[in-house]
Amino acid sequence: MSQSTSLADLLERVLDKGVVIAGDITVLVADVELLTIKIRLLVASVDKAMEIGVNWWQDDPYLNIRAKQLVERNRELETELASLRQANLETIQTRLDVLESALKKPGPRDSRRKSEKP
Amino acid sequence: MTGHDLWVYGVVAQGDEVRPEERNIEGGEDFVWIRAASLAALASYVPAADYNEKALARHQDDASWVVGRVQASAAVIADVFSRRVIIPFKFGAVFSTPESLQKRLHEQRTEFHELLKRLENKEEWGVKIFGSIEAQSIRMVEWKLDQAVKNGVTSGKLYMLKKQLRQSNLRDAERDLKEKARRVHQLLLMSTDAHQIGKAASEPPISGNSVCLMKSSYLVSSSERNQFLTRIHDAGRQYEELQVKVSGPWAPYSFCRTK
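Which chain is which? The protein sequence lines are Z and X, in order.
Quick note on numbering: the first sequence equals residues 2 to 119 in my numbering.
Quick note on numbering: the second sequence equals residues 69 to 327 in my numbering.
What follows is the structure, encoded as structure tokens:
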């Protein structure tokens with residue numbers, strides 16, 4: 002379990018939820034769901050956001066360092082996981098190959114059966 | 069105030085007006101309480117020219133503008149929520165005059181009072197459950213292989229396992245993970261007053277290609293908080309193939325829909 006409040010969580014709740022009241026209200030941000038998705042896409046990828054010049058977090062030293070650390074850690078984890086997955090697949094494949102070749106070899110029972118045949 | 073509109077954060081019961089210790093949406097320190105029908109709406113004045121429909125439409129493409137204001141709005145609501153019951157308003161609720169806001173409070177007074185009563189001592193928690201379908205498919209083939217070895221391998225079983233490995237058995241793995249996520253959700257319902265299921269598919273995958281299997285919000289009594297979190301912790305230990313992400317406590321954003 003991990004307990005954290007990400008910016009995406011915050012955007013989702015504040016933009017997408019809360020009491021909607023119609024009537025004399027002068028402005029209500031239209032299509033908030035679309036807006037949430039749009040903003041979340043921006044914040045989902047720090048690199049992409051920097052590419053297109055969205056760098057609001059750079060003024061905030063906490064967010065700046067943390068965002069970089071998170072992106073780096075994410076990359077490390079993805080590489081680790083990919084190699085683990087590959088290793089797992091190879092292990093299963095090897096076990097299957099060993100079992101298959103063991104099955105192909107005539108065992109003592111098979112030899113006996115063959116010899117029993119007329 | 070001429071040339072100014074009222075940005076509304078939320079509503080509390082009259083008598084519960086506490087001074088926010090956060091800055092308002094424009095970075096200032098001033099807030100106003102607009103009172104009507106035994107209710108009090110927390111608001112601050114914003115320049116009308118910057119918050120009219122056209123201006124807001126322009127700001128939508130400016131992430132720093134929106135994010136900054138979302139953070140400010142959330143901080144104000146969270147601050148009041150930490151001390152009193154508040155019904156958060158949807159982001160972008162702007163009224164032209166105090167009278168128009170008072171009229172709205174008066175018209176919806178019954179709903180607001182009922183909501184305030186229902187939300188007393190309650191908090192919202194967000195739970196997202198992730199899992200890697202690919203990794204789960206490998207785990208499932210591995211498990212079947214172990215079983216096959218234990219019970220005696222046949223060439224037919226081997227052929228099926230090889231086929232499953234090639235196809236990664238993704239559909240079964242996804243079904244299995246979703247069922248486990250559903251079980252966690254059922255477990256959490258035991259400590260909650262209400263819940264809302266979100267759109268898991270709209271959630272971006274996290275590291276290791278783990279996709280969101282379930283996304284829910286839960287309304288939890290403050291007194292049940294520890295039990296709720298313990299249940300999540302236990303579920304995380306029971307289902308190691310799932311990653312459970314929790315956020316909260318939030319003001320009850322997802323549980324204040326009026327009729």
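Backbone N, C-alpha and C define an ideal beta-carbon position, used for all residues, glycine too.
All values reported here derive from a predicted model rather than from experimental measurement.
CB contact below 8 Å: residue i versus chain X
| i | result |
| --- | --- |
| glutamate 91 of chain Z | no |
| aspartate 25 of chain Z | Residue placement at aspartate 25 of chain Z cannot be trusted, given a pLDDT of 40 that sits under 50; the coordinates are not used to answer. |
Contact set between residue i and chain Z, taken where Cβ atoms lie within less than 8 Å
| i | result |
| --- | --- |
| leucine 226 of chain X | Leu97, Leu100, Glu101 and Leu104 |
| isoleucine 206 of chain X | Arg86, Asn89, Leu90 and Ile93 |
Beta carbon proximity, residue i to chain Z, threshold 8 Å
| i | result |
| --- | --- |
| alanine 142 of chain X | yes |
| lysine 230 of chain X | yes |
| tryptophan 211 of chain X | no |
| glutamine 82 of chain X | no |
| tyrosine 307 of chain X | no |
| tyrosine 321 of chain X | yes |
| glutamine 139 of chain X | yes |
| valine 100 of chain X | no |
| arginine 152 of chain X | no |
| proline 166 of chain X | no |
Neighbouring residues, chain Z, relative to residue i (Cβ below 7 Å)
| i | result |
| --- | --- |
| glycine 194 of chain X | Asp10 |
| valine 288 of chain X | The premise fails here: valine 288 of chain X is roughly 14 Å from chain Z at the closest Cβ pair, so nothing lies under 7 Å. |
| tryptophan 318 of chain X | Arg14 |
Residues bridged to residue i [DSSP beta-bridge criterion]
| i | result |
| --- | --- |
| cysteine 280 of chain X | X:Phe198 |
| histidine 174 of chain X | Histidine 174 of chain X is not bridged to any residue. |
| leucine 110 of chain X | X:Gly78 and X:Trp101 |
| serine 285 of chain X | X:Gly194 and X:Gln264 |
| histidine 72 of chain X | X:Pro115 |
| leucine 310 of chain X | X:Gly199 |
| isoleucine 274 of chain X | X:Ser278 |
| serine 393 of chain X | Limits of chain X in this structure are 69 at one end and 327 at the other, which puts residue 393 of chain X out of reach. |
Closer than 9 Å at the beta carbon, the chain Z residues around residue i
| i | result |
| --- | --- |
| glutamine 295 of chain X | What glutamine 295 of chain X touches in chain Z: nothing, since even the nearest Cβ is about 14 Å away. |
Q) Touching or not, the segment 188-206 of chain X and the segment 282-298 of chain X, by the rule of three or more beta carbon pairs under 8 Å? A) yes
Q. Can we say the segment 141-149 of chain X touches the segment 101-108 of chain X, given the rule of at least three CB pairs closer than 8 Å?
A. no
Q. Do the segment 151-159 of chain X and the segment 123-132 of chain X make contact, defined as three or more Cβ pairs closer than 8 Å?
A. no
(Q) So, does the segment 302-311 of chain X touch the segment 250-270 of chain X, judging by three or more C-beta pairs under 8 Å? (A) yes
Q: Give a yes or no on contact between the segment 315-325 of chain X and the segment 181-189 of chain X, applying the rule of three or more CB pairs nearer than 8 Å.
A: yes
**Q.** Stretch pair the segment 214-229 of chain X + the segment 254-263 of chain X: three plus CB contacts closer than 8 Å
**A.** no
Q) Would you say the segment 96-105 of chain X touches the segment 69-86 of chain X, given that touching needs at least three Cβ pairs under 8 Å? A) yes
Q.
Under 8 Å: do the segment 290-304 of chain X and the segment 256-265 of chain X share three or more Cβ pairs, one atom per stretch?
A. yes
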